[in-house]
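Taking the numbering used here, I'd label the letters of the sequence shown as residues 103 to 566. First up is the structure itself, then whatever we jot down about it.
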Amino acid sequence: MKAHDGMYIGGQWRPAAGPDTIAVVNPADEQVIAHVPAGTAEDVDAAVRAAREAFPAWAATPPAERAARIAALRDVLVARKDEIAETVTAELGAPLALSRTVHAGVPVLVAGSYAELAASYSFEERIGNSTVLLEPVGVVGAITPWNYPLHQVVAKVAPALAAGCTVVLKPAEDTPLTAQLFAEAIHEAGLPAGVFNLVTGLGPVAGQALAAHEGVDLVSFTGSTAVGRQIGATAGAAVKRVALELGGKSANVILPSADLAKAVSVGIANVMSNSGQTCSAWTRMLVHRNQYDEALALAAAAVAKYVPGERVGPLVNAKQQQRVRGYIEKGLAEGARLVAGGPEAPHETGYYVSPTVFADVTWDMTIAQEEIFGPVLSILKYEDEEDALRIANGTVYGLAGAVWAADEAEAVAFARRMDTGQVDINGGRFNPLAPFGGYKQSGVGRELGPHGLSEYLQTKSLQF
Ligand code: NAP
Ligand code: MG
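Put into structure tokens, the structure is as follows:
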């Protein structure tokens, strides 16, 4: 695959400061497809300087003009959608159909939404005898994971640019090629030099340097809880703004009045999509005891359609494959029962894991408490609605969830009692404007839509 051997800093591709590189591997066949430079603190420093230099002019650019540049960026993402999909498939392993619709498609919606929001948002409000100015926070350090390589980038960069901030991005080491394509799109869209900068590299080196850099005003991170905690602590010590999106263990609550077959099949699709590498996936399905056996039979039938290598891709790397297989073994050791799948890898080559469904899972088992990040679903039994609520809320996470019932009001009444940032009612559709983010240890802050934009603004009040 095509790759740049430098960093995108100050509007051009520049040689990296050090000699080290990162090998990019296709997880479907384990072949090295490219190398990118492994950035150092020196590269990060150059990128932050470029972003600082570009900040005053970009912050002062009228919102309508910022909107026009983001609209141009959106158009480039549309024009290059096939190349984007192929690149995501090559470095993440996602089936091409998924790469086209989701990995290349969703960022177009999100970039488009911020082109509109930049133009329509009120960056000024009146409160009594005051005028409140909503001003850009400054230089943003964005650190993104590999699970949705382009979406995770656009969900941070588009609102930051709409707000008038400038950005330095450190993408995941596993998916740097999509990030390089995004930098090309930024360039083609005519964003001024330094408004967006890219440093590829390793988390503990380039990521750490970016999070700790004193020229960064806000760190926006998506990834594991362990790294998130560390970034939060670093930001706290420097009194710097921070946004953390840290994954979940979401509940799919099927109330007795629901359409069981539909709820189970949508629930399976939700967990198997992207090989289960979705932080908001409903990895715990909660079913009333009277419907439990029927739900297991429906789940077994539904999961059979998810064939590894066809509808389900591999996991991103060997480490994640081992980690997920380890969780499946742990589930068996703790007494859960396999309805489908298991720890054996379905193919010799490629980092595949068998789509796996567990029955007889209790709320306190490891597989019902920890984020697995693979194609693994646990089906739990509840006695009554109070029991379902206790189980649903019984983890440290609170990112997403679903409720199914015969009528919407019944589902909404349950959803109101859930400790979680978003709930899909009877299979509600994705809304790119709805705030996305977590309660409890799922994170701090919100992405997408106007709520996502406000994360990149700070207020100044003028009294008259
Ligand atoms: P991760 O290490 O937290 O990676 C997220 C990002 O943070 C990557 O860009 C990573 O760089 C960077 N990073 C790592 N260590 C850092 C440090 N000390 N300072 C600054 N940045 C740092 O996550 P992972 O290892 O890829 O995945 C592990 C688990 O995290 C998964 O199994 C899953 O449970 C969870 N996860 C959650 C999400 C989500 O959407 N919330 C996404 C991915 C993973 P490198 O790529 O070089 O490590
Ligand atoms: Mg990592």
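Using N, Cα and C, we set each Cβ at its ideal position, and we do this for glycine too. Quick caveat: nothing in here was measured; it's all calculated off a predicted structure.
I want to check one thing, is the minimum distance from the CB of residue i to the heavy atoms of ligand 1 below 7 Å?
i	result
Lys272	yes
Pro567	Residue 567 is absent from the structure shown; the chain starts at 103 and stops at 566.
Trp248	yes
Ser326	yes
Ala313	yes
Leu348	yes
Ile356	no
Glu557	no
Ile430	no
Asp122	no
Ile245	yes
Gly141	no
Arg425	yes
Glu473	yes
Cys267	no
Asp145	no
Gly305	yes
Gln524	no
Ile333	yes
Val301	no
Val329	yes
Gly309	yes
Glu193	no
Glu275	yes
Gln422	yes
Alpha carbon to alpha carbon, how far is residue j from residue i? Give it in angstroms, no decimals.
i	j	result
Arg413	Gly452	15 Å
Val269	Leu346	16 Å
Pro164	Asp489	53 Å
Lys272	Leu300	6 Å
Val455	Ala156	45 Å
Ser377	Glu436	24 Å
Thr90	Tyr484	In this structure the chain extends from 103 to 566, so residue 90 is not present and cannot be described.
Pro448	His205	25 Å
Leu175	Ser556	21 Å
Gly113	Asp177	19 Å
Lys258	Arg182	20 Å
Ala406	Ser352	23 Å
Phe460	Glu487	22 Å
His390	Ala402	17 Å
Ala244	Leu357	39 Å
Gly428	Ala140	30 Å
Asn495	Lys364	23 Å
Ile493	Glu446	29 Å
Glu286	Val138	15 Å
Glu472	Val373	15 Å
Tyr110	Pro261	20 Å
Gln379	Gly476	5 Å
Gly309	Gly230	43 Å
Met103	Thr189	8 Å
With a threshold of 8 Å on Cβ separation, who are the neighbours of residue i within its own chain once the five nearest residues in sequence on each side are excluded?
i	result
Ser232	Ser563, Leu564, Gln565, Phe566
Ala340	Ala314, Glu316
By Cβ distance below 6 Å, which residues in the same chain neighbour residue i in space, the five residues on each side in sequence not counted?
i	result
Arg202	Ala187
Val256	Pro209, Val212, Ala213
Glu275	Ile124, Leu304
Ala311	Ala143, Val146
Val134	Ala125, Val127
Val355	Leu388, Ala490, Ala494, Val505
Asp462	Ala438, Arg439
Ala508	Ser359
With a cut-off of 8 Å on the beta carbons, I'd call residue i and residue j a contact; round off their distance for me.
i	j	result
Ala136	Ala105	4 Å
Leu417	Val409	With a Cβ gap of about 16 Å, Leu417 and Val409 do not count as contacting.
Leu482	Leu388	5 Å
Gly539	Met520	Their Cβ separation, rounded to whole angstroms, is 15 Å, which puts Gly539 and Met520 out of contact at 8 Å.
Thr468	Lys421	Actually they do not touch by this definition, with Cβ atoms about 18 Å apart.
Val478	Thr385	7 Å
Gly444	Ile430	6 Å
Leaving out five residues before and five after residue i in sequence, what residues of the same chain have Cβ atoms less than 7 Å from its Cβ?
i	result
Ala173	Ala217
Ala404	Val366, Ser367, Ile370
Trp160	Gly266, Thr268, Pro294, Val297
Gly411	His449, Tyr454
Ala220	Pro165, Arg168, Ala169, Ile172, Ala264
*Are the stretch 193-204 and the stretch 509-516 touching, with three or more C-beta to C-beta distances below 8 Å?*
Too few Cβ pairs lie closer than 8 Å, so no.
*Does the stretch 220-238 come close enough to the stretch 272-281 that 3 or more CB-CB pairs lie under 8 Å?*
With a cut-off of 8 Å, the stretch 220-238 and the stretch 272-281 do not count as touching, because too few Cβ pairs lie within range.
*Would you call the stretch 136-155 and the stretch 307-317 touching, i.e. three or more CB-CB distances under 8 Å?*
Contact holds: three or more Cβ-Cβ distances are below 8 Å.
*Inter-stretch contact at 8 Å, needing at least 3 Cβ pairs: the stretch 244-264 / the stretch 113-127*: Put simply, the stretch 244-264 does not touch the stretch 113-127. Fewer than three CB pairs are less than 8 Å apart.
*Report yes or no: do three or more beta-carbon pairs, one from the stretch 317-330 and one from the stretch 338-354, lie closer than 8 Å?*
The answer is yes - the stretch 338-354 touches the stretch 317-330, with three or more Cβ pairs under 8 Å.
*Kindly confirm or deny that the stretch 543-562 and the stretch 390-400 touch, where touching means at least three C-beta pairs closer than 8 Å.*
Touching, no, given that fewer than three Cβ pairs across the two stretches are closer than 8 Å.
*Does the stretch 328-336 touch the stretch 530-539, meaning 3 or more C-beta pairs lie closer than 8 Å?*
Cβ pair count under 8 Å is below three, so no.
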